[in-house]
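A.B. asks: Numbering (our numbering), first residue to last: 961 to 1292.
Ideal Cβ positions, reconstructed from N, Cα and C, are used throughout, including at glycine.
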């Protein structure tokens, strides 16, 4: 549905009772569908939150059914096309969380609260607007029901989101972050930081030219980034392993690979005309390589629970071997 320009939105005071009921039906249906989407997005990794949102969706469908029965009794089966986005004064909904990429139950619950508050605002205004006593009583009843959202949400959370369930969801969320972002990014950073050392320093010591060394490092970094990104995306579709969308993992891996290579390539932008330009660029690149290796060791320790000293030893030994191979080949 296309966006409604602010000056074209209608006031709730301009709506007929037929439009008020239809708008309430559509609003409850939209909320029920949204909560069901949340439940489906959480079903695999966050079953407790899935149960919470499924219960929310069921309550919204019950509201919709009561409103729809009243509408059919009074106006028939055809509802006028109207949405809450067309009405001035109702709170705007936040941007939807990226459930397809990485379910975020906290953001989902935050949106659910915003939707209930919007419904309360609408029903209170609709009750004040309605001239029919039965309809006004229904809107007041629904406004009161929405106003009790916090108590209802607390009841549902206590039922579905126990302390054990929250701990399990926290563990699952950490695992998904590691599998979707950290692991592909770390693989890319290691490859970009280590594998590009040999061609970069081979070119540096073979040519003694910053410009030519920079071009070699740039080509190696960009090429490695593209290659690693495609490899990561094609190696696992994420369906069985639960590692997330392949395009996202490929993007993260490719960008981190490119970043790892460019880190020690950029110092060779130092113009060759500068005094000691080659030595300045090479020393700076070596310091950046050291920083990259320490960063890799820290990430492995923080997210993979690898002892820091062991991780430092592993990445430094590997990086040093590749670096010396590049220097040796370039100096031959």
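#1: Since residue 1138 and residue 1006 are thought to touch, with beta carbons under 8 angstroms apart, how far apart are those beta carbons, to the nearest angstrom?
#2: Buried or exposed: residue 1127, going by 16 or more other Cβ atoms within 10 Å of its Cβ?
#3: Quick test of the definition: if touching needs 3 or more C-beta pairs under 8 angstroms, does the region 1200-1217 touch the region 1240-1250?
#4: Thinking just about the alpha-carbon of each residue, which of 1086, 1140, 1067, 1090 is nearest to the one in residue 1047?
#5: Please report how far the alpha carbon of residue 1076 lies from the alpha carbon of residue 991, in whole angstroms.
#6: Taking the DSSP output, what are the residues bridged to residue 1248?
#7: Rounded to whole angstroms, what is the Cα-Cα separation between residue 1021 and residue 971?
#8: Relative to the C-alpha of residue 1230, which candidate in 1186, 1140, 1172 has its C-alpha closest?
#9: Name the residue from 1184, 1281, 1253, 1222 whose alpha carbon lies nearest to the alpha carbon of residue 1270.
#10: For residue 970, which of helix, strand or coil comes out of DSSP?
#11: At 4 residues or longer, what runs of the alpha helix (DSSP H) sit wholly inside the region 1201-1231?
#12: Between the Cα of residue 1102 and those of 1010, 1084, 1195, spot the shortest distance and give me the residue it belongs to.
#13: Which residues does DSSP pair with residue 1047 in a beta bridge?
#14: DSSP state of residue 1059, grouped into three classes?
#15: In angstroms, rounded to a whole number, what distance separates the CA positions of residue 979 and residue 1144?
#16: Residue 1228: which of 1038, 1161, 1073 sits nearest, CA to CA?
#17: Whole angstroms are fine: how far does the CA of residue 1066 sit from the CA of residue 1000?
C.D. replies: Quick answer:
#1: That pair is no contact at about 16 angstroms.
#2: exposed
#3: no
#4: 1086
#5: 9 angstroms
#6: None; residue 1248 has no bridge partner.
#7: 26 angstroms
#8: 1172
#9: 1253
#10: strand
#11: 1206-1223
#12: 1084
#13: 970
#14: Bear in mind that the predicted position of residue 1059 carries a pLDDT of just 44, short of 50, making it unreliable; the figure below should be weighed with that in mind. Coil at residue 1059, not helix or strand.
#15: 51 angstroms
#16: 1161
#17: 15 angstroms
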